[in-house]
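Asker: Protein chains in written order, with our numbering: chain Z, 1422 to 1764; chain G, 437 to 572. The beta-carbon is built from N, C-alpha and C at its ideal position, and this holds for glycine as well. For clarity, every value in this text was computed on a predicted model and none was experimentally measured. What follows is a structure written as structure tokens; I'll ask about it next.
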């Protein structure tokens, strides 16, 4: 099974389990009500008059929320008050478990590291899925031609018996997670540091360390001959909302899921992101995904980004310590040798 | 078989029950679920490198011979958020490691249960953003 598929499945499995908490000292949030309306609060402005959305934000609260909505929730995007209370209780139990000073005598040795090494949501995510539209919260059907599209040679396909560094995904090689993969909540490193200057917004994304420089000048995208993993972004303000349209992707490199996993998107992908500060410590994030060579229709993903006391981006010099590359290649060679000897 | 490097014989099926969700990469690409290891070791150094920290260890056999092992730990950024820093695991500290050996048979393992010799967790998730390391 592909490594990222394992991770994605694991995340989906986790959503069936109690959610998590990170900071037991932080006061748990009150049971969430309907999301705040974007117009209910007028945020600060920069000295040059743009809405100020600067700061370091994280999607941690929706760690474990699946991209696609589990069938039992139907068209229901938000948990009920009772469901939220249950999830909040689960967060508290997880925090207590993390704080236990001694390993339980009956602890089993699993293939994963201890759970308390991971990052946790601080409060329960209100949503049953990251996909907010269509109403069923599910990815639209994939076009037949997209199902057979192959990741190009050397672009990484997570071959279970890798023969080369080129057989690993761009994520595992510490190259990129793509635009959506760099902001959708994952197991750790969800920091998004936003810095503004006149005419530009930069988003520094912790894991794999992307710096998206978004010009606000508007106008047409660069030539379609110029393509990249992260595409060509153009931003503008609509009221207090930063709207970023990104095109000119290379295509067939990363998928839409967390860490760039899932079915690779095409070179026709257009992303339209909307960042709206709805309170001092919350950004409403939405992205409309339009990939007419992959999906039968556009769809929308959304979730909150929050600012948390003391939270900051840390350096993610991923490539320099990526021992997994060497170990995985030598592991595959050892596996081949064993198979040969058995013949 | 050395007392300090006892290869366990628990069935792999039971051990695979926990899904590896915290890793940047896949467990199965690097480590062998049929090669569980358990040993007592002395910390040589902790490498705070991305995407995973590694703990370099010396393991002393019954014959007194010292063997160097490396054990993969969590993402350093996550550990930092849990309040840990470069002083949290000093050289010379004795720890117990349970995990699984590298597929290529080298002296590397993932860290599944890592404790101080009295059974205390090595990295307790008791600290939040920007706070100091937990008392050890």
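Tell me whether residue 1542 of chain Z sits in a helix, a strand or coil according to DSSP, three-state version.
Answerer: Three-state result, residue 1542 of chain Z: coil.
Asker: Count the other CB atoms within 10 Å of the CB of residue 1469 of chain Z; is the residue buried (16 or more) or exposed (fewer)?
Answerer: Counting Cβ neighbours within 10 Å, residue 1469 of chain Z comes out exposed, since fewer than 16 surround it.
Asker: Are residue 473 of chain G and residue 545 of chain G touching if we call contact CB-CB under 8 Å?
Answerer: Closer than 8 Å, so yes.
Asker: Just curious, the beta strand (DSSP E) that residue 1700 of chain Z is in, first and last residue?
Answerer: Per DSSP, residue 1700 of chain Z belongs to the beta strand (DSSP E) from 1691-1700.
Asker: Within 8 Å (strictly less), CB to CB, does residue 551 of chain G reach chain Z?
Answerer: Chain Z, which has a Cβ nearer than 8 Å to the Cβ of residue 551 of chain G, makes this yes.
Asker: In three-state terms, what does DSSP make of residue 1601 of chain Z?
Answerer: If DSSP states are grouped into helix, strand and coil, residue 1601 of chain Z belongs with the helices.
Asker: Residues of chain G with a CB under 7 Å from the CB of residue 1760 of chain Z: which are they?
Answerer: Under the 7 Å cutoff, chain G gives no residues; its nearest Cβ is about 12 Å from residue 1760 of chain Z.
Asker: Closer than 8 Å, CB to CB, is residue 525 of chain G near chain Z or not?
Answerer: With 8 Å as the cut-off, residue 525 of chain G does not count as an interface residue toward chain Z.
Asker: Looking at the C-beta of residue 1530 of chain Z, does it have a partner C-beta in chain G at a distance below 8 Å?
Answerer: It does: the Cβ of residue 1530 of chain Z has a partner Cβ on chain G nearer than 8 Å.
Asker: Can you check whether the CB of residue 528 of chain G is closer than 8 Å to the CB of residue 548 of chain G?
Answerer: No; because the gap between Cβ atoms is not below 8 Å, this pair is not in contact.
Asker: Here's the rule I'm using: 16 or more other beta-carbon atoms within 10 Å means buried, otherwise exposed. How should residue 1761 of chain Z be labelled?
Answerer: The residue in question, residue 1761 of chain Z, is exposed, as its Cβ has fewer than 16 Cβ neighbours within 10 Å.
Asker: Between the alpha carbons of residue 465 of chain G and residue 1465 of chain Z, how many angstroms are there, rounded?
Answerer: One C-alpha to the other measures close to 48 Å.
Asker: Does the ligand SAM have even one heavy atom less than 7 Å from the beta-carbon of residue 1515 of chain Z?
Answerer: The model on display carries no ligand, and the ligand SAM is accordingly not part of it.
Asker: Between residue 560 of chain G and chain Z, is any beta-carbon pair separated by less than 8 Å?
Answerer: Yes, its Cβ sits closer than 8 Å to a Cβ of chain Z.
Asker: In this structure, does DSSP put residue 470 of chain G in helix, strand or coil?
Answerer: In the structure shown, residue 470 of chain G sits in a strand (DSSP, three-state: E or B).
Asker: Go ahead and pull the three-state DSSP assignment for residue 1703 of chain Z.
Answerer: Residue 1703 of chain Z falls in the strand class under three-state DSSP.
Asker: Measuring only the C-alpha atoms, how far is residue 1550 of chain Z from residue 526 of chain G?
Answerer: Their Cα atoms are separated by approximately 43 Å.
Asker: Which value, in whole angstroms, describes the spacing of the CA atoms of residue 1722 of chain Z and residue 1584 of chain Z?
Answerer: Each residue's alpha carbon lies about 36 Å from the other.
Asker: Could you tell me the alpha carbon to alpha carbon distance between residue 1572 of chain Z and residue 1674 of chain Z, rounded to whole angstroms?
Answerer: Roughly 7 Å separates the two Cα atoms.
Asker: Would residue 504 of chain G pass as a contact of residue 1540 of chain Z if the rule is Cβ separation under 8 Å?
Answerer: The answer is no: Cβ separation not under 8 Å.
Asker: Could you check where the beta strand (DSSP E) with residue 536 of chain G kicks off and where it finishes?
Answerer: 530-538 is the span of the beta strand (DSSP E), which, as asked, contains residue 536 of chain G.
Asker: Starting from residue 1524 of chain Z, find everything on chain G with Cβ-Cβ shorter than 7 Å and list it in chain order.
Answerer: Going along chain G in sequence order, the residues near residue 1524 of chain Z (Cβ under 7 Å) are 549, 551, 555, 557.
Asker: Taking the C-alpha atoms as reference points, what is the distance between residue 481 of chain G and residue 558 of chain G?
Answerer: If you take the alpha carbons of residue 481 of chain G and residue 558 of chain G, they lie about 14 Å apart.
Asker: Whole angstroms is fine: what's the gap from residue 1424 of chain Z's alpha carbon to residue 1698 of chain Z's?
Answerer: In this predicted model, residue 1424 of chain Z has a pLDDT of only 41, less than 50, meaning its place in the structure is not dependable enough to derive any value.
Asker: Nearest-angstrom Cα distance between residue 1534 of chain Z and residue 510 of chain G?
Answerer: Whole-angstrom Cα-Cα distance: 7 Å.
Asker: Can you tell me which of Z:1732, Z:1755, Z:1752 puts its alpha carbon nearest to the alpha carbon of residue 1478 of chain Z?
Answerer: Selected option, being the one with the closest Cα: Z:1732.
Asker: Among the residues of its own chain, which have a CB less than 6 Å from the CB of residue 506 of chain G, if the five just before and after it don't count?
Answerer: These residues qualify, in order along the chain: 490, 492, 544.
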